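What follows is a set of notes on a single structure, which appears directly below.
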Amino acid sequence: MSKSRTIGWLLLVVAAVGAAGYFGWQRYGVGHTKADGQKTAAVARPPVPVRIARVETADFPVYLTGLGTVQGFNTVQVRTRVDGQIMKIAFQEGQLVNKGDVLVEIDPRPYQAALDQATAKKQQDEANLANAKLDLQRFTRLGEFATRQQTDTQRSMVAQLTAQIAADDAAITNAQTQLDYATVKAPITGIAGLRQVDVGNIVNAATQTGIVSIAQIEPIAVIFTAPEDQLPDIKAALAASPPKTIAYSTDGKRLLSTGVLALINNQVDTTSGTIRLKAVFENKDHALWPGQSVSTRLLVRTLKDATVVPDDAVQHGTDGLYAYTISQENKAELHRIKVSYSIDGKSVVDEGLSPGQQVITSGQYKVSPGVLVSTAVASSDATQSKVKPE
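Note that the working numbering has the sequence shown beginning at -13, numbered continuously upward.
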C-alpha cells in the first residue's frame, strides 16, 4: 500500500511538471516564435518598385476624332468635244499637268478646212458688199434721174451683205473653236490618272467615256463625319476661326498633314445621326492622295489650366476609375477620380487629384493602399529615369 501511494504521487508530480512546461512553452515559446517570424517577414518584404509622374496644370486641346476619305479639291473627267482620230497623246499617266497643258491632239484637218471655208466666204461677201456700196453711191449721185425704188433696193442690198458678213464672222469663230477643240488641254492643274484611250482610236463627243481624269491635289480636301450632338461645338469653333484639322494614318500613329475645317454640310444624315464635314489641306508634300482613308482630329476648343495626368496613371476598377498617389512617407494612397477627356497619352482629371501630387504610372498591379514603394520618375526614355531618394 505504501509503495503504491508513493508511485501514485510521483506520477502526479510528473504530470503537473509536464503540464506546467507545456503551458509555459505555449505562452512564451510560441509567442516569441510568431513575433520573430513577423519581424523576419517585415524585414524580408522590400518596397514595391514603381514609376511616378507629377500631376500638372496645362492647357488641354479637345479634339473630335473620326474617319474620313481624301478627295481631290477638283476632279475633272476630260472628254473630247469634237469627233476625230487621236493623232498624239502628250501626257504621261500619273504626271502632274498644269492648266492649259496639251493632253491630246485630234486630227485637225477637217476643222481647218471648215475654218478656211468660212474665211473664204467672208472674203466673198466683203467683195459683194464693197460693190453694193459703190452702186448705192452712184444711185445717190444720180439724184432725180434714179428712181427711189432703185435707191432703196440698193440700200437694202448693202444692209443684207453687212449682216451676211456678221454671220460669216460667227461662222469663222465657230470653226476656229472646233479647230481649237481638236487640241485637248488640261482644264485644271492636277495629277493625271490612267488614260482610257490610245493613239489611233476614234473619239466622238457623244460618248461618255473620257480620255483621262485629272484630280487637283494642291490643295486637297478630306470629307469626314462627326456626331450630330457635337454640332453646336463645331459651329461655335468655325464661327470664331477655321478650326485646325489634323489628318493621321488610319492607325492614328503617323501624322500626314494639318489643315483647317472649311464647311459643315447643310443637313444631318438622319440614318446615322452624323454630320459631314469638309477640311482643306495645302498638301504641298502630296502626303494625302484622293481616295485615301485617314483618321481625323478636329480641334473644337482648348481647356485652360486643366489638371492633366498620364493615361498610364488612370486605373479601371469595379467601382470606377482610380489612381495611386505617393505620400510623404513613400506609401501608396488610392484616390477615386473622374476623367473627362483623354488623347495623346494625357487625361484630364476633373475630380480626385490636385496639381503637384505624384501619381504611380507603372507597377500598380503590385500596389495596395499603404504599401511602401520605391519610386522612379517616369520619362520618355526609360534608360534615363532618375530614382527618387528615400
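For glycine and all other residues, C-beta sits at the position ideal for the given N, C-alpha and C.
Note that this is a predicted model, so its numbers are computed, not measured.
Exercise for the section: Under 6 Å Cβ to Cβ from residue 187, same chain only, skipping five residues before and after it: list those, please. Expected result: 72
Handout entry: Chain-order list of residues whose beta-carbon lies under 6 Å from that of residue 356 (same chain, five-residue window excluded)
Key = 317
Exercise for the section: Give the DSSP-derived three-state secondary structure of residue 151 in the structure shown. Expected result: helix
Exercise for the section: Pick helix, strand or coil for residue 24, following the three-state DSSP scheme. Expected result: With a pLDDT of only 48 at residue 24, under the threshold of 50, the placement of this residue in the model should not be trusted; the figure read from the coordinates follows. Helix at residue 24.
Problem - Integer-rounded CB distance, given that residue 320 should sit under 8 Å from residue 308 - result: 6 Å
Handout entry: Neighbourhood of residue 185 by C-beta distance below 8 Å, restricted to the same chain and skipping five residues each side
Key = 72, 73, 74, 75
Exercise for the section: Tell whether a beta-carbon distance below 7 Å holds between residue 344 and residue 37. Expected result: no
Handout entry: Residue from 270, 330, 164 with nearest C-alpha to residue 94
Key = 164
Exercise for the section: Report the three-state DSSP secondary structure of residue 138 (helix, strand or coil). Expected result: helix
Problem - Opening and closing residue of the beta strand (DSSP E) in which residue 320 lies - result: 318 to 322
Practice task
On a CA-only basis, which of 216, 62, 111 is nearest residue 287? Give me that one, please.
Solution key: 216
Handout entry: Host beta strand (DSSP E) of residue 44 (start-end)
Key = 42 to 58
Handout entry: Cβ neighbour criterion (16 or more within 10 Å) applied to residue 229
Key = buried
Practice task
Grab the span of the alpha helix (DSSP H) containing residue 221 for me, first residue to last.
Solution key: 217 to 226
Exercise for the section: Pick helix, strand or coil for residue 373, following the three-state DSSP scheme. Expected result: Residue confidence for residue 373 is low, a pLDDT of 38 falling below 50, so the modelled location carries little weight; the figure read from the coordinates is stated next. Three-state result, residue 373: strand.
Problem - Buried or exposed (CB count within 10 angstroms, at least 16 for buried), residue 102 - result: exposed
Practice task
Have a look at residue 214 and residue 78 and give me their C-alpha separation to the nearest angstrom.
Solution key: 44 Å
Handout entry: Buried versus exposed, by CB contacts within 10 Å (16 or more), residue 322
Key = exposed
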